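Peer 1: There's a structure below that I have some questions on.
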Amino acid sequence: MAKKILITGAFGQLGEAVVWELQPHFELMATGDHLPEKYLHLCEVDSIDVTDRKQCNQIINSFQPNVILHLASYTNVDGSETNKELAWNVNVKGTENLIISAKGRNLKFIYISSDYIFDGENGPYAEDSHPSPVNYYGRSKLGGENVVRGGTVPWIIFRTNVLYGVASHTKASFVNWVVESLKARKSIRVVSDQWGNPTWTGGLAEAIKMAVILDIQGIFNYGGAEFLTRYEFAQKIAKVYDLDANLITAISTDKLNQPAKRPLKSGLKTEKIEETLGLRLYGVEYCLRKVKEGVVA
Ligand SMILES: NC(=O)c1ccc[n+]([C@@H]2O[C@H](COP(=O)([O-])OP(=O)(O)OC[C@H]3O[C@@H](n4cnc5c(N)ncnc54)[C@H](OP(=O)(O)O)[C@@H]3O)[C@@H](O)[C@H]2O)c1
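Take the sequence shown: its letters are residues 23 to 319, numbered as in the numbering used here.
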């Protein structure tokens, strides 16, 4: 019998790829706080707000999952500085609601975390690097990790960074922003001092599928094969989409005056997940071509 997977935040950027990738192999219940108007009927869907423990309890009781894949998160990094309570409620309390509701059941909990739990002084980071978030979003993601690690339910924590992919339901997509701006011949400024290994959502979805099948446990980093700055990433987007890269200007993060401080020298080392799952990581141009073709996963 196929494993039953309850997905929260299923209609976000990562959720879209995860539903496509997992749907042929597992019985899914895809949930989010708002159901999108146009949703492909690949699996059962429902709306749950993870900040409501009763709703978490009800869905776990009725669906009886073997795995909870917790993608739901308040992901607005600058917004988290001004809406601290909301960020904590969704990212920490929401996780706690699911963990408490899952207690005593025979299931695995998968939590998606971020390189923003690190300070960006000396990345890329390994799984055992010391967390030290420099902004509230990072603190709340670390708070979510701690809830998962402190519970009694077996768990996997996937840490990832700079996600991109086909994003039909989400407004917040770096690739879409670059492509739409350059298509409209609009000049854009992109930071050249923030490093990471941008991650195609389709690749991470594949790793999650294998992690469920092989029933692994612990903390794992997952990121793309190349380390580069946001500016270099934007240049690659322009190249793959055949757009004018001269419209992209490099700037430094301090010129942006963003409410949330950013970890600069960040990114994630990926040897552990590559060895554990026997995975091949993908390069940026290959993944961008997939996204351009509309390949979700
Ligand atoms: N994006 C990145 O670069 C990145 C990097 C590292 C880690 N991550 C992590 O990866 C995971 C997926 O991120 P993503 O990029 O797919 O983010 P996303 O597109 O913002 O998706 C998050 C989803 O969570 C939903 N959500 C928010 N509050 C909720 C609540 N109270 N109850 C139920 N659902 C709620 C959102 O729905 P609404 O939009 O309708 O509120 C949204 O669909 C998150 O845990 C994030 O922290 C992301």
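Quick reminder that beta carbons are idealized off the backbone N, C-alpha and C, glycines included. These figures come from a predicted structure and were not determined experimentally.
1. Three-state secondary structure (DSSP) at residue 107?
2. Per DSSP, residue 243 forms a beta bridge with which residues?
3. Does the Cβ of residue 73 lie closer than 7 Å to at least one heavy atom of ligand 1?
4. Do the segment 120–132 and the segment 171–182 meet, that is, are 3 or more Cβ pairs less than 8 Å apart?
5. Report the rounded CA-to-CA distance for residue 63 versus residue 24, giving the unit in angstroms.
6. Identify the residues that DSSP records as bridge partners of residue 315: which are they?
7. As a quick exercise: from 207, 267, 158 and 86, pick the residue whose alpha carbon is nearest that of residue 283.
8. Which two residues bound the contiguous alpha helix (DSSP H) that contains residue 202?
9. Alpha carbon to alpha carbon, what distance is there between residue 188 and residue 196?
10. For residue 284, which three-state DSSP category applies?
11. In terms of residue numbering, what span does the alpha helix (DSSP H) encompassing residue 163 cover?
12. Tell me the start and end of each unbroken alpha helix (DSSP H) in the segment 57–134 that is at least 4 residues and wholly inside, in chain order.
13. In whole angstroms, give me the CA-to-CA distance for residue 221 and residue 183.
14. Determine which residues share a DSSP beta bridge with residue 251 and list them.
15. Who are the Cβ neighbours of residue 230 in its own chain at under 8 Å, not counting the five residues just before and after it?
16. According to the neighbour-count rule (16 or more other Cβ atoms, all chains shown, within 10 Å of its Cβ), is residue 118 buried or exposed?
17. Is there contact between the segment 270–286 and the segment 236–245, where contact requires at least three CB pairs shorter than 8 Å?
18. Measuring from the CB of residue 55, is there a heavy atom of ligand 1 at a distance below 7 Å?
19. Enumerate in chain order the residues of its own chain whose CB-to-CB distance from residue 303 is below 8 Å, with the five nearest sequence positions on each side excluded.
20. From the DSSP output, which residues share a beta bridge with residue 301?
21. Measuring only between beta-carbons, confirm whether residue 270 sits less than 8 Å from chain B.
22. Classify residue 252 as buried or exposed, calling it buried when 16 or more other Cβ atoms lie within 10 Å of its own Cβ.
23. Where residue 113 and residue 161 are concerned, what is the direct C-alpha to C-alpha distance, given to the nearest angstrom?
24. Since residue 27 contacts residue 87 with CB under 8 Å, what's their CB separation in whole angstroms?
25. Counting only the same chain and skipping the five closest in sequence on each side, list residues whose C-beta sits under 8 Å from that of residue 201.
26. Would you mind stating whether residue 20 and residue 269 have Cβ atoms separated by less than 8 Å?
27. Less than 7 Å between the CB of residue 30 and some heavy atom of ligand 1, yes or no?
28. Could you check whether the Cβ of residue 86 sits closer than 7 Å to any heavy atom belonging to ligand 1?
29. Could you tell me which residues DSSP puts in a beta bridge with residue 26?
Peer 2: Quick look at the numbers:
1. Judged by DSSP in its simplified three-state form, residue 107 adopts helix.
2. Looking at the DSSP assignment, residue 243 forms a beta bridge with 181.
3. yes
4. Flag = yes, the segment 120–132 and the segment 171–182 touch.
5. 18 Å
6. According to DSSP, which records beta bridges pairwise, residue 315 is partnered with nothing at all.
7. 158
8. Here the alpha helix (DSSP H) through residue 202 covers 196–205.
9. 11 Å
10. coil
11. 158–172
12. 75–85, 101–104, 106–110 and 116–124
13. 6 Å
14. Bridge partners of residue 251: 217.
15. 40, 43, 44, 91, 132 and 180
16. buried
17. no
18. yes
19. 225, 245, 246, 247, 292 and 296
20. Answer is none; residue 301 lacks a bridge partner.
21. Any reference to chain B falls outside this structure, which holds one protein chain only.
22. buried
23. 9 Å
24. Contact holds; Cβ gap of about 6 Å.
25. 259, 263 and 265
26. With the chain covering 23 to 319 only, the question about residue 20 has no answer from this structure.
27. yes
28. no
29. Per DSSP, the beta bridge partners of residue 26 are 49.
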